[in-house]
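J.: Next up is a structure, given as structure tokens.
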Amino acid sequence: MSADTVRAHSAEPSASAIRFEGVTKRFGELRAVDALDLEIEKGEFFSLLGPSGCGKTTTLRMVAGFEQPTEGHIYLDGEPVETVPPYRRNVNTVFQSYALFEHLDVADNVAFGLKRKKVSSDEIRTRVAEALELVELHGREKARPRELSGGMKQRVALARALVNRPSVLLLDEPLGALDLKLRKQMQVELKGIQREVGITFLYVTHDQEEALAMSDRIAVMEHGLVKQCSSPEDIYEHPSGPFVAGFIGTSNLLSGVVENGCVKLASGATCVAEVPSDCPQGAEVHLSVRPEKIWLDELEEGMVEVGGTIVERVYVGTTTQVIVELGPGMRVTALEQNVARARSDDRWQIGDRVRLGWHREHARVLR
Amino acid sequence: MSTVESRPTAPARPAAEPARAPGRPPKEFDRPRFLKLFMGVFFLFLFAPIVLVVLFSFNSSRSLQDFQGFSTRWYETFFESESLRESLVASLEIALVTMVIGTILGTMLAYGLVRARTRVSSSLNVLMLVPLVTPEIVAGASALLLFTQVKLELSLTTIILAHITFSISYVTVVVRARLVSLSHEVEEASMDLGATRWQTFRLVTLPALWPAVVAAGLLVFALSFDDFVLSFFTTGESPQPLPVRIWTQIRFGVRPTINAIGTFMLVISVVSIGLALLLPRLFGRRESGLKVLLGREAA
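And the structure:
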């Protein structure tokens with residue numbers, strides 16, 4: 000299917016696809032979403048990422064119209080949608096459970112939305128065929144959902160939503176029920192489909208790797224609040240706080256205090272670091288360093304150095320995790336690539352003293 | 000009551016492996032044989048009286064003890080009797096109206112109970128079961144009391160009203176079980192795709208519930224058709240439903256016509272239950288109504 004045939008028709012070219020203005024959703028005492036301000040551009044692949052209960056699904060359901068915000072406004076294509084019921088919003092959802100209609104075959108499942116919009120039967124036939132082509136399910140029109148595998152059901156759910164040419168496609172952990180290999184494959188396909196149809200995707204997931212792999216931008220959420228909203232690279236390289244640093248990828252979070260423009264770790268070592276201006280002398284901070292940014296022994300000039308004892312080595316195929324103890328209760332994980340020239344196993348034994356180092360720009364001071 | 004009500008509860012297998020006799024090799028499938036005997040006796044007691052009624056309905060003599068030859072004379076007496084024919088029609092009418100109205104109301108109640116998500120619904124769930132456990136004689140007496148209080152003349156209408164009251168509970172129990180297993184997301188998906196609430200119910204919810212609704216409706220038909228106690232309390236002078244008519248006749252002596260009527264009612268009940276089991280299949284469903292009634296849902 001060509002990109003034009005399913006490209007969303009937008010009312011106002013200038014308006015962003017979705018805009019949240021101070022959106023709060025309360026369930027009794029619980030603030031599921033707390034004063035959310037967010038703008039999602041047209042054609043963007045935007046992910047809401049966070050642990051379960053962080054409010055990401057509630058946010059999605061408010062866009063779909065299944066929940067109403069307690070406070071604030073949501074705009075779709077520049078239009079406020081408080082008074083618009085789900086069946087009149089120009090958005091479609093791909094559910095985690097697929098939510099296919101078991102009593103209808105694949106073609107009728109996909110045609111469901113078009114029939115409600117009274118599209119002519121000729122056009123329905125063409126568009127259903129196109130949509131099934133897009134998700135590579137042509138030839139399975141007459142199959143019942145129960146006869147399909149999980150991956151196929153997922154594709155039907157995707158086709159059923161996309162065929163309506165929504166201005167925004169909402170995806171609620173759509174790959175959650177698939178096994179790892181299929182999930183990886185679908186990530187690539189989903190991204191490809193999004194690029195092809197050019198529809199705005201609002202993607203909810205708790206899988207940070209998935210969000211990093213597919214998104215143009217990610218909003219990391221915790222307890223109903225957006226902790227950071229930026230590009231995948233930015234979120235990974237420059238996490239805004241300990242939560243984001245810990246949630247995205249693995250990160251070493253070393254606690255310490257600010258001392259003369261450096262960070263004095265709890266183990267006693269003093270590390271040179273770029274201390275942000277809002278961290279005064281004596282402030283309690285975390286020093287965040289990614290495991291793959293830590294060098295062992297063969298250090299370069301100008302690196303930040305600390306010493307430690309190797310306490311564990313974990314061989315995981317492409318890399319070996321080396322766990323180093325800097326002081327009592329303070330451990331650091333470093334990753335060694337298992338390249339042909341050296342396996343870290345050959346170089347160090349448990350109990351060896353080792354020097355760790357990193358470039359000062361790779362360490363982040365987080366409050 | 001219907002055959003489904005008295006469905007066999009024969010133990011399929013012993014709960015634990017029986018103790019091994021010393022010196023004998025262990026037998027994994029050493030099931031106690033007396034259970035088979037137990038099951039046989041159970042079915043004998045269940046079906047022998049029914050078989051006898053059917054058999055003697057074709058007896059050529061008046062005797063209820065000796066079978067003296069095949070004849071359909073008791074069926075002829077049955078159908079020639081104007082009052083019995085009238086009662087048969089009345090009973091069918093009651094069962095049909097009860098089935099339609101009871102099924103609609105019961106389905107609506109089930110939908111409300113499952114989907115309303117209010118605090119009331121849990122207590123309503125319990126209230127709804129009350130008609131199922133109320134002794135029928137109490138239900139009958141209280142219905143009679145109510146109808147006389149509001150000065151409603153006893154007639155087919157009062158019987159139907161009483162029957163609908165108890166049938167709603169049956170329908171609700173059966174339909175609700177099915178509805179609980181239907182993911183809420185499926186209904187949301189429908190609305191997400193542009194279907195209004197009503198369209199969603201009609202196009203998505205109801206088709207998914209259909210096997211349960213059909214099964215519940217035919218079950219109610221069978222229950223209503225052969226109900227005696229409730230009908231006895233709420234019936235008017237004429238026409239009386241068939242079970243009440245039979246009871247009136249028996250007071251003046253048992254005649255073999257009873258066997259013919261009994262057999263005929265049995266056929267109607269069995270057919271309606273049979274339909275309850277088969278109809279969902281005819282609608283292209285994999286799961287039969289039997290599974291629905293027994294609560295064994297296809298995943």
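As you go down the protein sequences, you meet chains A and B in turn. Going by numbering that gives the first Met the number 0, the residue at position 355 of the first sequence is 354; the numbering climbs one at a time, nothing skipped. Going by numbering that gives the first Met the number 0, the residue at position 293 of the second sequence is 292; the numbering climbs one at a time, nothing skipped. A virtual CB, placed ideally from N, CA and C, is assigned to each residue, including glycine.
#1: Could you name each continuous beta strand (DSSP E) segment of 3 residues or more that falls completely within the region 141 to 173 of chain B, going from the start of the chain to the end?
#2: Quick one: is residue 139 (chain B) buried, meaning 16 or more other Cβ sit within 10 Å of its Cβ, or exposed?
#3: Which one or two residues does DSSP pair with residue 227 (chain A) in a beta bridge?
#4: Whose C-beta lies closer than 6 Å to the C-beta of residue 6 (chain A) among residues of the same chain, with five residues either side of it excluded?
#5: What residues in the region 83 to 111 of chain A have a beta carbon less than 7 Å from any beta carbon of chain B?
#6: With a Cβ-Cβ cutoff of 7 Å, do residue 94 (chain B) and residue 231 (chain B) count as a contact?
#7: How many Å lie between residue 72 (chain B) and residue 35 (chain B) at the Cα?
#8: Taking just the CA atoms, how far does residue 208 (chain B) sit from residue 233 (chain B)?
#9: Pairing CB atoms from the region 37 to 51 of chain A with CB atoms from the region 84 to 92 of chain A, are three or more of them under 8 Å?
#10: Of all the CB atoms in chain A, is at least one closer than 7 Å to the CB of residue 187 (chain B)?
#11: Along chain A, in chain order, which residues have C-beta atoms closer than 7 Å to that of residue 184 (chain B)?
#12: Closest to residue 122 (chain B) by C-alpha separation, out of B:130, B:112 and B:131, would be which residue?
#13: In the DSSP assignment, what are the bridge partners of residue 72 (chain A)?
#14: Using the beta-carbon of each residue, which ones in chain B are nearer than 9 Å to residue 115 (chain A)?
#15: So residue 206 (chain B) contacts chain A; which residues on that side make the cut at Cβ distance below 9 Å?
#16: Is it a yes or a no for the region 87 to 103 of chain B touching the region 123 to 133 of chain B, going by three-plus beta-carbon pairs under 8 Å?
#17: Can you pull the chain B neighbours of residue 65 (chain A), defined as C-beta to C-beta under 9 Å?
#18: Which of helix, strand or coil does DSSP assign to residue 31 (chain B)?
#19: Considering residue 263 (chain A), what are the terminal residues of the beta strand (DSSP E) in which it resides?
#20: Is any heavy atom of the ligand GTP found at a distance shorter than 6 Å from the C-beta of residue 276 (chain A)?
#21: Can you tell me which of B:159, B:80, B:255 and B:169 puts its alpha carbon nearest to the alpha carbon of residue 217 (chain B)?
#22: Kindly indicate which three-state DSSP category residue 254 (chain A) falls into: helix, strand or coil?
#23: Taking Cβ positions, are residue 104 (chain A) and residue 145 (chain A) nearer each other than 7 Å?
#24: Identify every residue that forms a DSSP beta bridge with residue 336 (chain A).
#25: Do we get a CB-CB distance below 7 Å when we pair residue 47 (chain A) with the residues of chain B?
#26: Please list the segments of the alpha helix (DSSP H) lying wholly inside the region 154 to 210 of chain A, counting only runs of 4 or more residues, in order along the chain.
#27: With a threshold of 8 Å, are at least 3 pairs of Cβ atoms found where one atom belongs to the region 350 to 358 of chain A and the other to the region 292 to 300 of chain A?
#28: Is the shortest distance between the beta-carbon of residue 113 (chain B) and the beta-carbons of chain A less than 7 Å?
#29: Among the residues of its own chain, which have a CB less than 6 Å from the CB of residue 271 (chain B), if the five just before and after it don't count?
#30: Evaluate residue 67 (chain B) with the Cβ neighbour count: other Cβ atoms within 10 Å of its Cβ, from every protein chain shown; 16 or more gives buried, anything less gives exposed.
#31: Whether or not the region 253 to 263 of chain B and the region 76 to 87 of chain B are in contact is what I'm after, with contact meaning three or more pairs of Cβ atoms, one per stretch, closer than 8 Å; do they touch?
#32: For the 8 Å Cβ check, are there 3 or more pairs between the region 217 to 227 of chain A and the region 236 to 256 of chain A?
T.: From the atom records:
#1: Qualifying beta strand (DSSP E) stretches: none in this window.
#2: Indexing the second sequence from 1 puts residue 139 (chain B) at position 140. Label assigned to residue 139 (chain B): buried.
#3: Within the first sequence, numbered from 1, the residue matching residue 227 (chain A) stands at position 228. The partner list for residue 227 (chain A) (beta bridge, DSSP) reads A:219.
#4: Residue numbering aside, residue 6 (chain A) sits at position 7 when the first sequence is read from its first letter. Legend: pLDDT at residue 6 (chain A) = 43, less than 50; position of this residue unreliable, no value from coordinates given.
#5: 85, 86, 91, 92, 94, 96, 98, 100, 101, 102 and 111
#6: As a first step, residue 94 (chain B) must be located in the second sequence, where it is residue number 95. As a first step, residue 231 (chain B) must be located in the second sequence, where it is residue number 232. Cβ distance not < 7 Å, so residue 94 (chain B) and residue 231 (chain B) don't count as in contact.
#7: As a first step, residue 72 (chain B) is located in the second sequence; it is residue number 73 there, counting from the start. As a first step, residue 35 (chain B) is located in the second sequence; it is residue number 36 there, counting from the start. Their Cα atoms are separated by approximately 40 Å.
#8: One-based indexing of the second sequence puts residue 233 (chain B) at position 234. One-based indexing of the second sequence puts residue 208 (chain B) at position 209. In this structure, the CA atom of residue 233 (chain B) is about 33 Å from the CA atom of residue 208 (chain B).
#9: no
#10: On the second sequence, residue 187 (chain B) is found 188 positions in, with the first residue counted as 1. Taking Cβ atoms only, chain A reaches closer than 7 Å to residue 187 (chain B), which makes this a yes.
#11: Working through the second sequence from its first residue, we reach residue 184 (chain B) at position 185. Those are 94, 96 and 98, listed as they occur along chain A.
#12: Locating residue 122 (chain B) in the second sequence gives position 123, counting from the first residue. For residue 122 (chain B), the nearest C-alpha among the options comes from B:112.
#13: Along the first sequence, read from residue 1 onward, the residue named residue 72 (chain A) stands at position 73. Listed as beta-bridge partners of residue 72 (chain A) by DSSP are A:20.
#14: Counted from its first residue, the first sequence places residue 115 (chain A) at position 116. Result: 189, 192, 193, 194, 195, 198 and 202.
#15: By 1-based counting over the second sequence, the position of residue 206 (chain B) is 207. Those within 9 Å of residue 206 (chain B) in chain A are 100, 101, 102 and 103.
#16: no
#17: Position 66 of the first sequence, counting from 1, holds the residue named residue 65 (chain A). Those are 187, 190 and 191, listed as they occur along chain B.
#18: As a first step, residue 31 (chain B) must be located in the second sequence, where it is residue number 32. Collapsing the DSSP output to three states places residue 31 (chain B) in coil.
#19: Counting from 1 along the first sequence, the entry for residue 263 (chain A) is found at position 264. It spans 261 to 264 - the beta strand (DSSP E) in which residue 263 (chain A) sits, taken as one unbroken run.
#20: This structure does not include the ligand GTP; it has no bound ligands of any sort.
#21: Against the second sequence, residue 217 (chain B) aligns to sequence position 218. Out of B:159, B:80, B:255 and B:169, B:169 has the C-alpha closest to the C-alpha of residue 217 (chain B).
#22: Position 255 of the first sequence holds residue 254 (chain A). Strand.
#23: Mapped onto the first sequence, residue 104 (chain A) falls at position 105. Mapped onto the first sequence, residue 145 (chain A) falls at position 146. The answer is no: Cβ separation not under 7 Å.
#24: Here residue 336 (chain A) is taken as the residue at index 337 of the first sequence, counted from 1. Secondary-structure assignment with DSSP links residue 336 (chain A) through a beta bridge to A:318.
#25: Working through the first sequence from its first residue, we reach residue 47 (chain A) at position 48. Contact of residue 47 (chain A) with chain B is not assigned, every C-beta pair being separated by 7 Å or more.
#26: 179 to 196
#27: yes
#28: One-based indexing of the second sequence puts residue 113 (chain B) at position 114. Not an interface residue.
#29: Numbered from 1 along the second sequence, position 272 holds the residue referred to as residue 271 (chain B). Spatial neighbours of residue 271 (chain B) in its own chain (CB-CB distance under 6 Å, excluding positions within 5 residues in sequence) are listed in chain order as 217, 220 and 221.
#30: In the second sequence, residue 67 (chain B) corresponds to position 68, counting from 1. By the neighbour-count rule (16 or more Cβ atoms within 10 Å), residue 67 (chain B) is not buried but exposed.
#31: yes
#32: The region 217 to 227 of chain A, when compared against the region 236 to 256 of chain A, does touch it at the 8 Å Cβ threshold.
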